[in-house]
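Residue numbers (our numbering), protein chains in the order written: chain Z, -6 to 77; chain H, 32 to 180. The structure appears right after this line, and notes come after that.
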């Protein structure tokens, strides 16, 4: 399956990337995508390290790590929000 | 009415637009602005980034959640994005209701949710350099007061 991955704020800046398309095995979860990205090494392994506070959204709704993804889904990574 | 925009807004016009029915007994509003200092350091500008595809949906969800909790007759949320200067307005929340308590509570609830549940991120430009604003534990505690289960 192909998913679109988007990065925002500090994460976007550290990676130097706004978005990308990823090919993942069908039925992959958010956690599995994170594991895949960490294997790229720096800066991914640092930005997505387990001790980093990162929020995720699938198709524009906040989602937890065990959420299973489907072909065409949009997965976003971002730091805790600071609006208002 | 919910808007995400680069342009400034006029709080007086927004408040007036909420006074559209004779049965409204209260209008409560909140205007958030850019402080010119952070930890005693002068701030020259602020960038507000957001997640455009998610922002509108997120704000609508917050508005619907407020409407389900309190008796609200009118509601306006405006959140600015892009580059702002010190003292610029960032956000407007206005709530009209029959009785004041609903308007006070709903307005505070919406502001607490904007700070912790909507995909906006602030970056500050200071004399020492630029930095992303860290989420504050106090904001999350304020949001959790509203029993979000």
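For each residue, glycine too, the CB sits at the ideal point set by N, CA and C. None of the values given here were measured: they were computed from a predicted structure.
Local Cβ density within 10 Å of residue i, reported as buried at 16 or more and exposed below that
i                      : result
residue 66 of chain H  : exposed
residue 141 of chain H : buried
residue 86 of chain H  : buried
residue 153 of chain H : buried
Partners in chain Z for residue i, counting only beta-carbon separations shorter than 8 Å
i                      : result
residue 145 of chain H : 76 and 77
Chain-ordered chain H contacts of residue i [CB-CB under 9 Å]
i                     : result
residue 36 of chain Z : Within 9 Å Cβ-Cβ: nothing; residue 36 of chain Z doesn't reach chain H, min ~15 Å.
residue 18 of chain Z : Those within 9 Å of residue 18 of chain Z in chain H number zero; the least Cβ separation is about 25 Å.
Residue-chain proximity (residue i, chain Z), Cβ-Cβ < 9 Å
i                      : result
residue 24 of chain H  : Beyond the ends of chain H as shown, which are 32 and 180, falls residue 24 of chain H; an answer cannot be given.
residue 177 of chain H : no
residue 80 of chain H  : yes
residue 63 of chain H  : yes
C-beta neighbour in chain H for residue i, strict 9 Å
i                     : result
residue 3 of chain Z  : yes
residue 57 of chain Z : no
residue 69 of chain Z : yes
residue 53 of chain Z : yes
Under 8 Å by beta carbon: chain H residues contacting residue i
i                     : result
residue 14 of chain Z : Residues of chain H passing the Cβ test: none, with the nearest at roughly 16 Å.
residue 50 of chain Z : 82, 85 and 150
Residue i: contacting residues in chain Z (beta-carbon distance under 9 Å)
i                      : result
residue 166 of chain H : 46, 72, 73, 74 and 75
Residue i beta carbon near the ligand FMN (any heavy atom closer than 8 Å)
i                     : result
residue 55 of chain Z : Inclusion of the ligand FMN in the displayed structure is not the case, the ligand content being empty and no account of it being possible.
### Query
What residue ranges within the stretch 112 to 173 of chain H form continuous alpha helix (DSSP H) runs of no fewer than 4 residues, ordered along the chain?
131 to 148
#### Entry: Any 3 or more C-beta pairs closer than 8 Å across the stretch 91 to 99 of chain H and the stretch 62 to 81 of chain H
no
### Query
Taking contact to mean at least 3 C-beta pairs separated by less than 8 Å, is the stretch -1 to 8 of chain Z in contact with the stretch 68 to 75 of chain Z?
yes
#### Entry: beta strand (DSSP E) runs contained entirely in the stretch 57 to 107 of chain H, provided each spans 3 or more residues
57 to 64 and 72 to 81
### Task
Could you say if the stretch 123 to 130 of chain H and the stretch 19 to 36 of chain Z meet the contact criterion of at least three C-beta pairs nearer than 8 Å?
no
### Message
So, does the stretch 54 to 62 of chain Z touch the stretch 10 to 22 of chain Z, judging by three or more C-beta pairs under 8 Å?
### Response
yes
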